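Visitor: Following the numbering used here, the numbering of the sequence shown begins with 10 at its first residue and continues without gaps. Glycine included, each C-beta is placed from N, C-alpha and C at the ideal position. Owing to the predicted nature of the structure, the values given are computational and were not obtained by experimental measurement.
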Amino acid sequence: MDGRRRPARSNTMKVAVLYNGEFGRNLIGNLINFSGFCISCGDGCTLCKAGKYSLAEDLVSVIEMPDPDGLDDFIDDVSPYIPAEIPEADIAIVVHVHPDIIFGLLPVLKEKGYKGIIGGSEMPKDLPLGLRTQLAAEARGLGIEAAFAKPFCALRPDPDTPAINAFMERAHFGEPNIEIVTQRSRSGKETILAANVIKGAPCGSTWYVAKRMTGLETDQPDLRERISEAHHAYPCTASMEQDPEIKDTILHKAGYIIREAVEDAIRRGKRVDWKDSGTFSGSGRPKVSG
Numbered sequence: 010m011d012g013r014r015r016p017a018r019s020n021t022m023k024v025a026v027l028y029n030g031e032f033g034r035n036l037i038g039n040l041i042n043f044s045g046f047c048i049s050c051g052d053g054c055t056l057c058k059a060g061k062y063s064l065a066e067d068l069v070s071v072i073e074m075p076d077p078d079g080l081d082d083f084i085d086d087v088s089p090y091i092p093a094e095i096p097e098a099d100i101a102i103v104v105h106v107h108p109d110i111i112f113g114l115l116p117v118l119k120e121k122g123y124k125g126i127i128g129g130s131e132m133p134k135d136l137p138l139g140l141r142t143q144l145a146a147e148a149r150g151l152g153i154e155a156a157f158a159k160p161f162c163a164l165r166p167d168p169d170t171p172a173i174n175a176f177m178e179r180a181h182f183g184e185p186n187i188e189i190v191t192q193r194s195r196s197g198k199e200t201i202l203a204a205n206v207i208k209g210a211p212c213g214s215t216w217y218v219a220k221r222m223t224g225l226e227t228d229q230p231d232l233r234e235r236i237s238e239a240h241h242a243y244p245c246t247a248s249m250e251q252d253p254e255i256k257d258t259i260l261h262k263a264g265y266i267i268r269e270a271v272e273d274a275i276r277r278g279k280r281v282d283w284k285d286s287g288t289f290s291g292s293g294r295p296k297v298s299g
């Protein structure tokens with residue numbers, strides 16, 4: 010050691026979002042996690058996400074792209090659609106961007122030092138499987154990690170994409186992962202006491218669904234309906250058109266993903282036993298057991 014002070018390492022991951030449409034705006038709001046973003050609870054808001062995370066300092070660019078529905082199916086020359094100023098960053102997220110434009114973006118991202126690109130499909134015409142496969146292969150050929158999913162909330166960590174995994178961890182972003190604490194209520198029943206989001210859907214809906222689970226019994230007959238109601242009410246903006254790839258609507262697929270996340274959280278849940286302290290001081294605290 011030479012005794013000289015070394016500069017601290019930056020913990021940021023610079024992110025650029027290129028988007029079109031409502032889902033893209035929701036994704037950006039969720040990444041920033043500003044106080045007025047989620048209004049689903051209305052006057053009942055308890056600021057459940059406040060201070061939990063924010064990528065406001067990491068988000069170096071937000072670029073609104075042309076609506077692909079207003080462009081030709083095939084674009085021979087994409088250069089007019091490539092933004093003139095794309096900053097250096099680590100991760101690019103593309104939302105509802107014409108696939109030919111994404112192909113055209115990849116060499117630019119390589120030149121700017123991007124480590125990974127993330128994209129997804131929220132409607133049947135967005136990046137079908139063949140195009141997602143081709144884009145991922147093209148990106149990998151340029152040394153860029155790629156993660157594409159249908160829907161966005163199906164994004165999972167992959168051993169081959171360490172930079173993207175690190176971003177998803179930092180942003181609490183991807184396939185929902187929830188922790189639930191339950192408490193014995195009436196005889197033979199357990200009530201959900203708390204639901205904590207470890208990782209949430211990119212649109213932010215997981216936090217709202219988790220909050221709506223508190224107070225429900227883990228085996229009540231309409232639990233799945235209550236999960237679905239909360240997911241729709243947020244609202245989920247995925248398409249209700251039949252998708253030939255998944256043989257269902259993308260909205261329903263997203264609903265199955267959050268339902269499985271809640272049910273898995275219940276199976277893994279922590280149980281607390283309440284002991285009455287005999288006072289109103291709150292000194293009788295629940296004991297958590299695995």
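Could you tell me the alpha carbon to alpha carbon distance between N39 and C245, rounded to whole angstroms?
Guide: In the sequence shown, residue 39 corresponds to position 30, counting from 1. In the sequence shown, residue 245 corresponds to position 236, counting from 1. Taking C-alpha positions only, N39 is separated from C245 by approximately 13 Å.
Visitor: Are G122 and E97 closer than 8 Å when you measure CB to CB?
Guide: Stepping through the sequence shown from its first residue, residue 122 is reached at position 113. Stepping through the sequence shown from its first residue, residue 97 is reached at position 88. Yes; because the gap between Cβ atoms is below 8 Å, this pair is in contact.
Visitor: Determine the direct distance from the alpha carbon of R195 to that of A148, and round the result to whole angstroms.
Guide: Within the sequence shown, residue 148 is the residue found at index 139, counting from 1. Within the sequence shown, residue 195 is the residue found at index 186, counting from 1. In a straight line, the C-alpha of A148 is about 55 Å away from that of R195.
Visitor: Return the CA-CA distance between L68 and I255, expressed in angstroms with no decimal places.
Guide: Residue mapping note: residue 68 aligns to position 59 of the sequence shown, counting from 1. Residue mapping note: residue 255 aligns to position 246 of the sequence shown, counting from 1. Their Cα atoms are separated by approximately 32 Å.
Visitor: Can you tell me which of D252, F46 and H107 puts its alpha carbon nearest to the alpha carbon of M74?
Guide: The count along the sequence shown starts at 1 and reaches residue 74 at position 65. The option with the nearest alpha carbon to M74 is H107.
Visitor: When you compare each of H261, N174, I259 and A219 to T55 by their alpha carbons, which one comes out closest?
Guide: Against the sequence shown, residue 55 aligns to sequence position 46. Minimum Cα distance to T55 is reached at A219.
Visitor: How should S88 be labelled, buried or exposed, when 16 other C-beta atoms within 10 angstroms of its C-beta is the threshold for buried?
Guide: If you number the sequence shown from 1, residue 88 lands on position 79. So S88 ends up on the exposed side.
Visitor: Distance, Cα to Cα, G209 vs P116?
Guide: Residue mapping note: residue 209 aligns to position 200 of the sequence shown, counting from 1. Residue mapping note: residue 116 aligns to position 107 of the sequence shown, counting from 1. Between G209 and P116, the C-alpha separation is close to 30 Å.
Visitor: Tell me E73's beta-bridge partners as DSSP assigns them.
Guide: As a position in the sequence shown, residue 73 is number 64, starting the count at 1. In the DSSP output, where bridge partners are listed per residue, E73 has Y28.
Visitor: Using a 10 Å radius around the Cβ and a threshold of 16 neighbouring Cβ atoms, would you call A263 buried or exposed?
Guide: Reading the sequence shown from its first residue, position 254 is the one you call residue 263. Buried is the call here.
Visitor: Using three-state DSSP, classify E250 as helix, strand or coil.
Guide: The residue labelled residue 250 in the question sits at position 241 within the sequence shown. In the structure shown, E250 sits in coil (DSSP, three-state: anything other than H, G, I, E or B).
Visitor: Rounded to whole angstroms, what's the CA-CA distance from L260 to T142? Just pull it up for me.
Guide: Counting from one through the sequence shown, the residue named residue 260 turns up at place 251. Counting from one through the sequence shown, the residue named residue 142 turns up at place 133. Cα to Cα, L260 sits roughly 22 Å from T142.
Visitor: Apply the 10 Å Cβ neighbour rule to L138 and answer buried if 16 or more other Cβ atoms are within range, or exposed otherwise.
Guide: The residue given as residue 138 occupies position 129 in the sequence shown. Burial check for L138: the Cβ neighbour count within 10 Å stays below 16, so the residue is exposed.
Visitor: Beta-carbon within less than 6 Å of L27's beta-carbon, same chain only, minus the 5 sequence neighbours each way: which residues are those?
Guide: Translated into positions along the sequence shown, residue 27 becomes position 18. I72, M74, V103 and V106.
Visitor: Going by other Cβ atoms of all chains shown within 10 Å of its Cβ, with 16 needed for buried, is D85 buried or exposed?
Guide: As a working mapping, residue 85 is identified with position 76 in the sequence shown. It is exposed - the Cβ of D85 has fewer than 16 other Cβ atoms within 10 Å.
Visitor: Measuring only the C-alpha atoms, how far is K279 from T215?
Guide: By 1-based counting over the sequence shown, the position of residue 279 is 270. By 1-based counting over the sequence shown, the position of residue 215 is 206. Spanning the two alpha carbons is a distance of roughly 19 Å.
Visitor: For R221, count neighbouring Cβ atoms within 10 angstroms of its own Cβ and tell me buried if that reaches 16, exposed if not.
Guide: Start at 1 with the first residue of the sequence shown, and residue 221 comes out as number 212. Classification for R221: buried.
Visitor: Of all the options D167, D78 and T223, which has the alpha carbon lying nearest to the alpha carbon of L202?
Guide: Position 193 of the sequence shown holds residue 202. Of D167, D78 and T223, the residue nearest in Cα terms is T223.
Visitor: Which same chain residues, not among the five before or five after T21, have their C-beta less than 7 Å away from its C-beta?
Guide: As a first step, residue 21 must be located in the sequence shown, where it is residue number 12. Excluding residues within five positions, the ones whose Cβ falls inside 7 Å are E66 and D67.
Visitor: Taking the alpha-carbon positions, what's the G79 to Q229 distance?
Guide: Against the sequence shown, residue 79 aligns to sequence position 70. Against the sequence shown, residue 229 aligns to sequence position 220. Inter-residue distance for G79 and Q229 is about 47 Å (C-alpha atoms, whole angstroms).
Visitor: How would you write the range of the beta strand (DSSP E) that G125 sits in, first residue to last?
Guide: Counted from its first residue, the sequence shown places residue 125 at position 116. G125: member of the beta strand (DSSP E) spanning G125 to G129, first to last residue.
Visitor: Report the residue from P133, A172 and D135 whose alpha carbon sits nearest the alpha carbon of G152.
Guide: Reading the sequence shown from its first residue, position 143 is the one you call residue 152. Per the Cα distances, A172.
Visitor: Report yes or no: do three or more beta-carbon pairs, one from the stretch 180-193 and one from the stretch 234-250, lie closer than 8 Å?
Guide: no
Visitor: Please give me, in chain order, every unbroken run of the beta strand (DSSP E) with length at least 3 that falls completely inside the stretch 107-185.
Guide: Listed in chain order, the complete beta strand (DSSP E) runs (minimum 3 residues) inside the stretch 107-185 are 125-129 and 154-158.
Visitor: Go ahead and pull the three-state DSSP assignment for D273.
Guide: For this step, residue 273 is matched to residue 264 along the sequence shown. DSSP places D273 in helix when its eight states are reduced to three.
Visitor: Name the one or two DSSP bridge partners that I95 has.
Guide: Working through the sequence shown from its first residue, we reach residue 95 at position 86. Beta-bridge partners of I95 (DSSP): none assigned.
Visitor: Can you look up E234 in the DSSP assignment and give me helix, strand or coil?
Guide: To locate residue 234, count along the sequence shown from 1; it is residue 225. Residue state, collapsed to three classes: helix.
Visitor: Does I275 pass the burial test, meaning 16 or more other C-beta atoms within 10 Å, or should it be called exposed?
Guide: Working through the sequence shown from its first residue, we reach residue 275 at position 266. Result: buried.
Visitor: Would you mind stating whether F99 and K124 have Cβ atoms separated by less than 8 Å?
Guide: Here residue 99 refers to the residue found at position 90 of the sequence shown. Here residue 124 refers to the residue found at position 115 of the sequence shown. One point to set straight first is that residue 99 is Asp, not Phe, in the sequence displayed. Yes, Cβ-Cβ distance for D99 and K124 is below 8 Å.
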